[in-house]
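Working notes, structure below.
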Amino acid sequence: MRTEQKKIQRLAIANRGEVAVRIIKACQELGIETVLLHSEVDVQSRAYRMATKTICIGGASTAESYLNIRANIHGALAGGAQAIHPGFGFLSENADFAEACVQAGLIFVGPSPESIRALGDKVNCKELAKVLGIPLVPGYEGENQEVVFLVAQAEKIGFPVIVKAAAGGGGRGMKLINSLEEAKELIESAQRESQAAFGSSKVFLEKYLDRAKHIEFQIFADSIGQVIHLMDRECSVQRRHQKIIEEALSPSLTHAIRSRMAECAVNIAKKANYKGAGTVEFLFQDNEFYLLEVNTRLQVEHPVTEEVMGIDLVKAQILTAQNDFVLTQDRYRTAHGHSIECRVYAENSYLGGMPSTGVLGTVSFPEGPGRRFEYGFEKNDTITAHYDPMIAKVIVWDETREKAIKKMQQVLSETVIFGVHTNIPYLQAILSHPEFILGKMTTRFIETYFKDPIKVRELSSMELKMIEQIKKEMTHLKPTGANENPWSSYWRGL
Amino acid sequence: MKTFEIFENGQKVKARAEIVKNKIWVHLSGQTMVFDLETGRVNKRSTNQKTSNPHLIMAPMPGKITKIFVVQGQAIKVGDSLIVMEAMKMEYTLKTSIAGKIKKVNCQVNEQVPLATLLVEIED
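Respectively, the protein sequence lines represent chains A and B.
When you read off a place in the first sequence, starting at 1, and then add 109, the result is the number in the working numbering.
Take the second sequence: its letter number 32 is residue 19 in the working numbering, and every next letter is one higher.
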């Protein structure tokens, strides 16, 4: 069933931040021009500077811009694009958007609207899994969204229960309910968050496994419908159900379990006539696995798979959209070495993760072999409260997990981000925790060991001396803010 | 950005520092610190609910008010939720650390508030 190839000359990006940069880079290598569809406030970003063309599609609020289907379609058409890449988050798993693209004559870089409906809607996905005999976590996934009814269902499932956005992902609209007393408030809160983040307040309930690992399989379906898996990632280090550290492969799977899970992942994708990149997420506890959800899009943590499998997933997505990507037998069978990703969030580790906004000063990453930096903002760019706090991803590769952890610690200690607080101190503490080093962490790792804000390390006498010297010298400098002229410091040095 | 180095007993300490928006940002031994330019005081915590007056509930971050649970004159107990705020697409619930009565609610649903805005006043 080989279909006609359709070369994309120009591709629109319905996203922002580091993923927009990632897509632009893939397009540059493929000789494709880019149109960045951005909100009014997002004009100071790396993607804005890198894109061939930029089109403002609406106001700062996501409802007016990044979640506005009409505005994105109009922007893409006005920009002369033949295709739209939705990135992750925002409209990436919205079947109506995929359909609107098709109707407007645009190629949606991703699966068909039908596949998204079958897998992306978590309720439909579970129905499909049941048919295929894939194990599921007990829960309620029905249409009745009355709060009183949902509270009763939660009680029936037995606490702890998790409430989730049916249309969502990435931790938004997701809450853990520990008792009947807090059920009503948390369900309402999840419905509001879901409405704000995804434009739908539909939620569902699920029993919370208390010592499970989060393990997911990267799947890929090529232009002619062949489906393969690209091994697994472990993302057990999560806070408020938002992933913080991911790695490939998971240190916890035996060969036998890995094969069984991979088979389930490939089967569900085949059943839904999948196309392009997707992720099948599982919870893994006591050597049993349960399907969590399928994400019908690129994942934030895709780089760790790319590092160990030797594939460029974004280029593969775009080529598949052009009907120009056919998998050859045995090309992606084995993983090589170990890769870890740390998400850098603009938040204050010393204040328990309070969002931190402002103008960035220096942003500097220590380059080197096996080190990769995906970032969307540079010096003088503003981090606002309108969007996600993730400002960068640091990815390392090395021969073994132990070496990769050491490399990550080194890289983070040399990473400089000024102007906003980051979670780097938090990441550093996690990477040195024995449970993480042993690979034994579960999804409760953070709430168990990192409940309190990170404590500030005591400084040595030499370090204190250094600080005094810096303060003395810097306080005498005229505060020129972030827009310091580089030449002035050059002349001062003479 | 300026680089600083000091040597002592054969040991080298290297630091990088920069002034951004009236604050000195310092990166030293793998750690980033912030100081106020005028006072030189450590500015690790620009807002800290714990040390501030528990009778005054301030916005711990810039963001939008999405829900208000209390009205003027309402009695509250320790741990009650007062306000839900949204920033960076995440919800944060502000709770009271004391029991008392709501003296005044200074914000409205859907209002965008800057950092440290006084949202709710509590009286004993």
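Just so you know, even glycine gets a beta-carbon here, dropped at the ideal spot from N, CA and C.
- For the pair of segments examined, the stretch 351 to 365 of chain A was found to touch the stretch 533 to 546 of chain A: the number of CB pairs separated by less than 8 Å reaches three.
- Counting only runs of 4+ residues, the alpha helix (DSSP H) found wholly inside the stretch 222 to 310 of chain A occupies 222 to 228, 231 to 241, 256 to 266, 289 to 307, in chain order.
- Remark: C-beta atoms of N181 of chain A and A129 of chain A do not approach each other more closely than 8 Å.
- DSSP places H495 of chain A in the coil class of the three-state scheme, outside both helix and strand.
- Collapsing the DSSP output to three states places D561 of chain A in coil.
- Between E98 of chain B and I63 of chain B, the gap from beta carbon to beta carbon reaches 8 Å or more.
- Rounded to whole angstroms, the gap between the alpha carbons of G87 of chain B and G229 of chain A is 46 Å.
- Within the stretch 459 to 542 of chain A, the alpha helix (DSSP H) runs of at least 4 residues that lie entirely inside it are, in chain order, 510 to 523, 533 to 540.
- In the structure shown, the three-state DSSP call for F(-6) of chain B is strand.
- With a beta-carbon spacing of about 6 Å, T388 of chain A and Q327 of chain A fall inside the 8 Å limit used to define contacts.
- When only Cα atoms are considered, V211 of chain A and Y383 of chain A end up about 16 Å apart.
- At a cut-off of 8 Å between beta-carbon atoms, I89 of chain B makes no contact with chain A.
- Annotation: G485 of chain A to I324 of chain A spans about 27 Å, alpha carbon to alpha carbon.
- Here E544 of chain A carries a helix assignment [DSSP, helix/strand/coil].
- In the pairwise beta carbon analysis, the stretch 471 to 479 of chain A is classified as touching the stretch 495 to 509 of chain A: at least three pairs are separated by under 8 Å.
- Close to I11 of chain B, with beta-carbon spacing below 8 Å, are these residues of chain A in chain order: I579, K580, M583, T584.
- Listed in chain order, the non-local C-beta contacts of G470 of chain A below 7 Å within the same chain comprise K488, F527, G528, A591, local neighbours out to five positions each way being set aside.
- Around the CB of H194 of chain A, 16 or more other CB atoms lie within 10 Å, so the residue is classed as buried.
- N382 of chain A sits in coil when the DSSP states are folded into three classes, being neither helix nor strand.
- Our two residues, I117 of chain A and P534 of chain A, have alpha carbons roughly 43 Å apart in a direct line.
- For T53 of chain B, the residues of chain A that pass the 9 Å Cβ criterion are S298, R301, E302, A305, in the order they occur in the chain.
- According to the DSSP assignment, E142 of chain A belongs to the beta strand (DSSP E) that extends over 142 to 148.
- When the five nearest sequence neighbours on each side are left out, the beta carbons in the same chain lying within less than 8 Å of the beta carbon of L200 of chain A are those of A123, Y175, L176, I178, N181, F206, in order along the chain.
- Taking the C-beta atoms as reference points, K311 of chain A is found nearer than 8 Å to S303 of chain A.
- Between the alpha carbons of I333 of chain A and V435 of chain A lies a gap of roughly 7 Å.
- For Y157 of chain A, the enclosing alpha helix (DSSP H) has its first and last residue at 155 to 159.
- Between C234 of chain A and V403 of chain A a beta carbon distance of about 5 Å is seen, short of the 8 Å cut, so the two are scored as contacting.
- The stretch 343 to 393 of chain A is shown to contain whole alpha helix (DSSP H) runs of 4 or more residues at 364 to 380, in chain order.
- Using a Cβ-Cβ distance cut-off of 8 Å, the stretch 155 to 170 of chain A and the stretch 512 to 520 of chain A are not in contact, since fewer than three pairs of beta carbons, one from each stretch, lie closer than that value.
- Neighbourhood of M(-12) of chain B in chain A, by CB distance below 7 Å: T471, in chain order.
- If you draw a straight line from the Cα of L24 of chain B to the Cα of K(-11) of chain B, it is about 15 Å long.
- Near chain B, meaning a CB-to-CB distance below 7 Å, the residues of the stretch 482 to 500 of chain A are A494, Y496, D497, P498.
- Judged by their CB atoms, T531 of chain A and Y459 of chain A are not nearer to each other than the 8 Å cut-off.
- From the beta-carbon of I243 of chain A, no residue of chain B is found nearer than 8 Å; the closest lies around 30 Å away.
- Considering only A:G248, A:I546, A:D497, the residue with the shortest C-alpha distance to L400 of chain A is A:G248.
- Assignment of H445 of chain A by DSSP, reduced to helix, strand and coil, places it in the coil class.
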